[in-house]
Every structure is written in C-alpha cells, then in structure tokens.
Amino acid sequence: MSSHPSLPIQADHVVKQFARRAPLDNAQFLYGEVAQRMLQRLSYIRVTPETLVDAGCGAGHAIEPLRARYPTVDYMGVDNCAALLDVARERHAGKRGLWNRLRNKPTPNTDFTCADLADTALPPESAGLVWSNMALHWHPRPHDVLLEWRRVLKPEGVVMFSCLGPGTFKELRSALQAAGLQTATPAFVDMHDFGDLLIESGFSDPVMDQETLTLTYRSAEKLLEDLASLGGNPAQNRRSGMVGREWRGRLLDALEKQRAMDGTIHLSLEIAYGHAWRARTYSTAPGEARISVSAITRRPKP
C-alpha cells in the first residue's frame, strides 16, 4: 500500500452514539451472529491463551462464548465508551461464567479498561490472543490499532478480528442518492488492504476472507431501526442535526422502491474476517528491524 488508510470518522461521535445505544442488546442480531462465525474460524487455530484482550468489547457480550472455549483465560475488555463498560462491569466483573459454574472452577480474572484501541496502555507482550468483533471499522486510524495489537501480543500470539467492508450499505447509499438527500455515509477499508496492513504492522501469515450477509425486511422503517441500533453514522461531513419528517419520508420512499420480487427490501453487509500471528521481528525501514524483548536471551558465560 502506498499510504495507510484513514477513515473519515469523528471518533468522539462514535463514543457518543454508542453511549446512547448502551447496552447494545438490540444490535446482537448482527454482532452476536458475526461473533459465532468468528468462533467457528477460531476453532481451526491452535492457540491456548492465558490472557485474552477483547478490543472493542462493548458491554461484554462475547465473554460467555469466549469463556466456553477458554474456561481459564484471563479476560481484558477494552473499549472507549464508558457507558458500555459500566454495563459490562455490572454484568460480568467478578462473576463466574456458566462454564466455570458447571465445572465448579474458580473464576479467572475479568477486567475492563476504558481506552482508545490504538492506545490501550496495556502491558507489552501480555496477551496470547487479541479478539475484536466488529470494532475496527469504527476507528479512524486502523493501522495504528493493528500496531497496538502487535505491541500487546506475545510473540506468536494470534489476532482475530471482523469488520465491515466497502460493500456494506450499498442499498442505503443508492436510496439516499435516488432521494436527492445529501449526507456522508461511513467508509470502510477493503479486505485486501487489511492483509497488507497486517504484514506492514509486524504480523505473519495473515488470512483474510469475506462474506456478504443480506438482511431482508418487510418494512423500510424496521430497516432504519436496525441500522440505527448498530451504532449510527459518525462519518465526517454527514448531515448535521436531526432529520425532519420530510427528509425521512423521502428516504423511506426511496427504500420502498427497492423492493425485490419477493416483496422484501434488502440491506447488504460485507463482513471481512482476518487473523494473523504476531511475528517475533519485523522491518520498520530499510536496514532496520524490531525484535521482541522476549526473543533476546543472555549468552551463558564461557
């Protein structure tokens, strides 16, 4: 890549909009489904982490399914939205998960920290797995996030993430254009660019794939309701202020005109999945390489 992608996102608005939607239970129709698909992919990867970082953990919806796979893992949830973390602490902090209750095992650590995904302040080389479900596309500097994930991962640790791709919301963008409504919509990074970014950021053997999920609706109102529950629109240059009935009515009419032969309205979501291993060394400039501290051993005295 000639340059690192920078997404036109207002980061402070991401936090505000997710705070309004806490605890995000209404968004689990998508986020929970994608998490299950990530877990299926994770089942093919040999990794037994002692510590797991859930980057963009929200209200902690992934804790139980992750603990079902890794019952003894120490869990660290990281998110920039204090309102969601308050819910996560109330629901999960200091409580034994279902799997450990059934096995009558002690509770591993469950902690949460409020921080930017690109600057978590977590200890370096402290995690065996970084998991991030549908969070990376909300950050304006995804390359910096990947560098931070490499920093907190142990050598040969694994990162696994999912995020939205450029094919997402194509029907909505078409409806906005057809209705003559001027507003910016979120932009997303292409899956192939993420593969390049992983290598540039010090990861090895990246695996990227994507699929398109098509949601079908009988009601255009329900489509907009679900769309709003996923996190809103933090794009720069979006229409400011609340939309009026006339603006919303024009959008609903444009969506109605998109009805398929079966009478439903479609909304496409391109989901990109990626995983890679944290390399022990990586090049930062010609003739320069960075090496993990844990890879340095002291020579025995002769």
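Here the sequence shown is numbered in our numbering, starting from 432 and rising by one per residue.
Even for Gly, the Cβ is constructed at its ideal location relative to N, Cα and C.
In the DSSP assignment, the alpha helix (DSSP H) including residue i goes from what residue to what residue?
| i | result |
| --- | --- |
| His444 | Ala442 to Arg451 |
| Asp550 | Taken as a continuous stretch (DSSP letters only), Asp550 belongs to no alpha helix (DSSP H), as it is neither H nor E. |
| Glu495 | Ile494 to Arg500 |
| Leu655 | Ala651 to Ser660 |
| Asp751 | Residue 751 falls outside the range modelled here, since the chain spans only 432 to 733, and no answer is possible. |
| Gln613 | First-last for Gln613: undefined, no H or E at that position. |
Assuming residue i and residue j make a contact with CB atoms under 8 Å, what is their CB distance in whole Å?
| i | j | result |
| --- | --- | --- |
| Ala552 | His570 | Not really, about 16 Å apart at Cβ, beyond 8 Å. |
| Asp636 | Ala707 | 6 Å |
| Ala486 | Val509 | 5 Å |
| Glu556 | Pro586 | 7 Å |
| His697 | Thr645 | 5 Å |
| Arg581 | Arg709 | 6 Å |
For a quick check, are the C-beta atoms of residue i and residue j less than 8 Å apart?
| i | j | result |
| --- | --- | --- |
| Leu629 | Cys594 | no |
| Val598 | Thr643 | It should be noted that the sequence gives Gly, not Val, for residue 598. Cβ atoms of Gly598 and Thr643: closer than 8 Å. |
| Cys488 | Phe543 | yes |
| Gly611 | Gly588 | no |
| Tyr648 | Thr614 | no |
| Val561 | Leu578 | no |
| Met565 | Val465 | yes |
| His574 | Pro436 | yes |
| Leu661 | Leu686 | no |
| Gln641 | Gly680 | no |
| Thr541 | Ala524 | yes |
Relative to the alpha-carbon of residue i, which residue among the options has its alpha-carbon at the smallest distance?
| i | options | result |
| --- | --- | --- |
| Pro665 | Val509, Phe619 and Thr541 | Phe619 |
| Arg452 | Ala513, Val478 and Gly508 | Ala513 |
| Ser699 | Glu687, His623 and Arg604 | Arg604 |
| Asp621 | Ala546, Ile702 and His444 | Ile702 |
| Asp624 | Met639, Leu612, Thr614 and Gln613 | Met639 |
| Ala442 | Arg572, Ala691, Arg649 and Val518 | Arg572 |
| Ala490 | Thr695, Met507 and Lys688 | Met507 |
| Gly633 | Arg498, Leu612 and Val590 | Val590 |
| Arg522 | Leu578, Ser563 and Asp456 | Asp456 |
| Ala499 | Leu515, Arg520, Leu470 and Val484 | Leu470 |
| Leu516 | Glu652, Tyr501, Pro539 and Ala546 | Ala546 |
| Leu473 | Ser563, Arg679, Pro454 and Val518 | Ser563 |
| Pro412 | Pro480, Gly663 and Ser434 | Outside the displayed range of the chain (432 to 733) lies residue 412, so it cannot be described from this structure. |
| Glu656 | His492, Leu683, Gln641 and Thr503 | Leu683 |
| Pro454 | Glu631, Arg468 and His492 | His492 |
| Leu607 | Gly463, Tyr462, Lys688 and Gly596 | Lys688 |
| His444 | Ile476, Asn511 and Tyr475 | Asn511 |
| Gln467 | Ala458, Pro496 and Tyr475 | Pro496 |
| Arg676 | Glu652, Arg669, Leu658 and Gly663 | Glu652 |
Can you tell me which of the three DSSP states residue i falls into?
| i | result |
| --- | --- |
| Gln689 | coil |
| Gln641 | strand |
| Ile476 | coil |
| His706 | strand |
| Ser573 | Looking at the sequence provided, one finds Pro at residue 573 rather than Ser. The answer is helix: DSSP assigns Pro573 an H, G or I state. |
| Val509 | strand |
| Val590 | strand |
| Asn564 | strand |
| Glu556 | coil |
| Leu455 | coil |
| Ala514 | helix |
| Asp684 | helix |
| Leu438 | coil |
| Ala666 | strand |
| Pro733 | Interpretation of Pro733 is limited by its pLDDT of 46, a score under 50 that renders its predicted location unreliable; no figure is taken from the coordinates. |
| Ala720 | Because Ala720 sits at a pLDDT of 45, beneath the cut-off of 50, its placement in the model cannot be relied upon, and the following sentence gives the value as read from the coordinates. Of the three classes helix, strand and coil, the one that applies to Ala720 here is strand, per DSSP. |
| Val484 | strand |
| Leu584 | strand |
| Glu579 | helix |
| Ser632 | coil |
| Ala726 | For Ala726, the predicted structure reports a pLDDT of 46, less than 50, and the residue's modelled location is therefore unreliable. The matter cannot be settled from this model. |
| Trp678 | helix |
So residue i is in the beta strand (DSSP E); what residue range does that whole segment cover?
| i | result |
| --- | --- |
| Ala546 | Looking at the DSSP string, Ala546 is not in any beta strand (DSSP E), and its letter there is neither H nor E. |
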